[in-house]
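Q: So in UniProt numbering, spot 96 of the sequence shown is number 96, and the numbers just go up one at a time. Handing you this structure, nothing more for now.
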Amino acid sequence: MQNVENKVVLITGASSGIGEATARLLAKQGAIVVLGARRTERLAAIVRDIQQTGGQAAYHALDVVDAKQVNEFVTFAKDTFGRIDVMFNNAGIMPLSPMGALKTDEWNKIIDINIKGVLNGIAAVLPLMEQQGNGQIINTASTGAHAVGPSCAVYCASKYAVWAISEGLRQESSTIRVTVLSPGVTTTELGHDITDEAAAGLIEQLRTMSLNPDAIANAVLYAISQPDNVDVSELVIRSVSSK
Ligand code: NDP
Numbered sequence: 001m002q003n004v005e006n007k008v009v010l011i012t013g014a015s016s017g018i019g020e021a022t023a024r025l026l027a028k029q030g031a032i033v034v035l036g037a038r039r040t041e042r043l044a045a046i047v048r049d050i051q052q053t054g055g056q057a058a059y060h061a062l063d064v065v066d067a068k069q070v071n072e073f074v075t076f077a078k079d080t081f082g083r084i085d086v087m088f089n090n091a092g093i094m095p096l097s098p099m100g101a102l103k104t105d106e107w108n109k110i111i112d113i114n115i116k117g118v119l120n121g122i123a124a125v126l127p128l129m130e131q132q133g134n135g136q137i138i139n140t141a142s143t144g145a146h147a148v149g150p151s152c153a154v155y156c157a158s159k160y161a162v163w164a165i166s167e168g169l170r171q172e173s174s175t176i177r178v179t180v181l182s183p184g185v186t187t188t189e190l191g192h193d194i195t196d197e198a199a200a201g202l203i204e205q206l207r208t209m210s211l212n213p214d215a216i217a218n219a220v221l222y223a224i225s226q227p228d229n230v231d232v233s234e235l236v237i238r239s240v241s242s243k
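Next comes the structure, spelled out in structure tokens:
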């Protein structure tokens, strides 16, 4: 596909869900995808699949909380493929709970992965993209970056932050395209780490109006494939049955 073929696209959180679906779709359209996450056996299997169908892909172990590992991930991609065209900061977690449950360890994890992880990703590619004079940064927020619900306060706060960081970055740059991606409920492994019983029930309810991750991958493909002077600044994708 035009403006996708041979682009080097880095994807964090590529071992499952939206990241995996996006890696598979972009590779099918001719992009060179570099997958990062902690579960490397999964990344290896996805990369093998992509390569067996003629796609170009590589992976590197990555914990987005650790800025050093994020820099190593980016350096690996640059050394292997020569440049970075797109950084898709997608890794995230969602251990929902009401504030009163005081799951402060989980609050900190959300902040570390969902906010600091995105900042680490931006910091790792920004100098390189500025030097190249082009590039695209896509950050995964959520429809939860637009509205807060019970049991979702800290998760939504993290996604409001991703939205604000993306919008600020977009306004500061005249050469780098910045896209904030706001998916609605999507069938993935997200929420597998919910320890609060009531919040786990809420997820089961939401799953009844869930999208397939391919719908989100298609939106990412759209944002990347636009002409270089077009910045798709935000994409909100939700199930037609959601309110
Ligand atoms: P998944 O749980 O399927 O995927 C999450 C990905 O993030 C996994 O690949 C996981 O890999 C990775 N990840 C988690 N922590 C880290 C870390 N510390 N370092 C590196 N990678 C990490 O869920 P989704 O695909 O749904 O989630 C992707 C993004 O989409 C998230 O940011 C989520 O908040 C957002 N989102 C999802 C929605 C949904 O309904 N599914 C709706 C709106 C937004 P590993 O564990 O191997 O490291």
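Ideal placement from N, C-alpha and C gives every residue a C-beta, glycine not left out. Quantities reported herein were computed from a predicted structural model and do not represent experimental measurements.
How would you label E106, buried or exposed, when you count the other beta carbons within 10 angstroms and need 16 or more for buried?
A: Working through the sequence shown from its first residue, we reach residue 106 at position 106. Answer is buried; the Cβ neighbour count reaches 16.
Q: Taking 7 Å as the limit between beta carbons, can you name the residues of its chain near S210, skipping five residues before and five after?
A: Against the sequence shown, residue 210 aligns to sequence position 210. Excluding sequence neighbours, S210 sits near V185, T186, T187, S239.
Q: Please list the segments of the alpha helix (DSSP H) lying wholly inside the stretch 108–179, counting only runs of 4 or more residues, in order along the chain.
A: Note on the stretch 108–179: whole alpha helix (DSSP H) runs with a minimum of 4 residues are 117–132, 153–172, in chain order.
Q: Name the residue from A101, V118, N139, G54 whose alpha carbon lies nearest to the alpha carbon of A27.
A: Position 27 of the sequence shown holds residue 27. Considering only alpha carbons, the answer is G54.
Q: Under a Cβ-count criterion, where at least 16 other Cβ atoms within 10 Å of its own Cβ denotes burial, should M99 be classed as buried or exposed?
A: Looking up residue 99 in the sequence shown gives position 99. With fewer than 16 other Cβ atoms within 10 Å, it is exposed.
Q: As a quick exercise: from K103, E130, N89, Q136, pick the residue whose alpha carbon is nearest that of I113.
A: Here residue 113 refers to the residue found at position 113 when the sequence shown is read from its first residue. Distance from the Cα of I113 is smallest, within the candidate group K103, E130, N89, Q136, for N89.
Q: Quick one: which unbroken alpha helix (DSSP H) runs of 4-plus residues sit fully inside the stretch 25–57? Chain order, please.
A: 40–52
Q: Does the separation of the CB atoms of residue 246 and V64 fall below 7 Å?
A: Residue 246 is absent from the structure shown; the chain starts at 1 and stops at 243.
Q: Can you list, in chain order, the residues of its chain with a C-beta nearer than 6 Å to that of V162? Leave out the 5 residues immediately preceding and following it.
A: To locate residue 162, count along the sequence shown from 1; it is residue 162. Once the five neighbours on either side are set aside, the close Cβ partners of V162 are V118, N139, A141.
Q: Any heavy atom of ligand 1 closer than 6 Å to the Cβ of E189?
A: Mapped onto the sequence shown, residue 189 falls at position 189. Yes, the beta carbon of E189 sits closer than 6 Å to at least one heavy atom of ligand 1.
Q: Within 10 Å of its beta-carbon, does R177 have 16 or more other beta-carbons around it, so buried, or fewer, so exposed?
A: In the sequence shown, the residue the question calls residue 177 occupies position 177. Taking a 10 Å sphere around the C-beta of R177, we find 16 or more other C-beta atoms and assign the residue as buried.
Q: For A23, collect the residues of the same chain with a Cβ closer than 6 Å to its Cβ; drop the 5 residues on either side in sequence, then sort them by chain order.
A: As a first step, residue 23 must be located in the sequence shown, where it is residue number 23. Excluding positions up to five away in sequence, the list reads I11, A14, V33, L35.
Q: Report yes or no: is there a C-beta of chain C within less than 7 Å of the C-beta of S97?
A: The structure shown contains no chain C, having only a single protein chain.
Q: Quick check on the burial criterion: 16 or more other C-beta atoms within 10 angstroms. Buried or exposed for Y155?
A: If you number the sequence shown from 1, residue 155 lands on position 155. Under this definition Y155 is a buried residue.
Q: Compute the distance between the beta-carbons of S151 and L102, then report whether it is under 7 Å.
A: Taking the first residue of the sequence shown as position 1, residue 151 is located at position 151. Taking the first residue of the sequence shown as position 1, residue 102 is located at position 102. In this structure, L102 does not lie closer than 7 Å to S151 by Cβ.
Q: Can you say whether T195 is buried or exposed, counting buried as having 16 or more other CB atoms within 10 angstroms of its CB?
A: Counting from one through the sequence shown, the residue named residue 195 turns up at place 195. With fewer than 16 other Cβ atoms within 10 Å, it is exposed.
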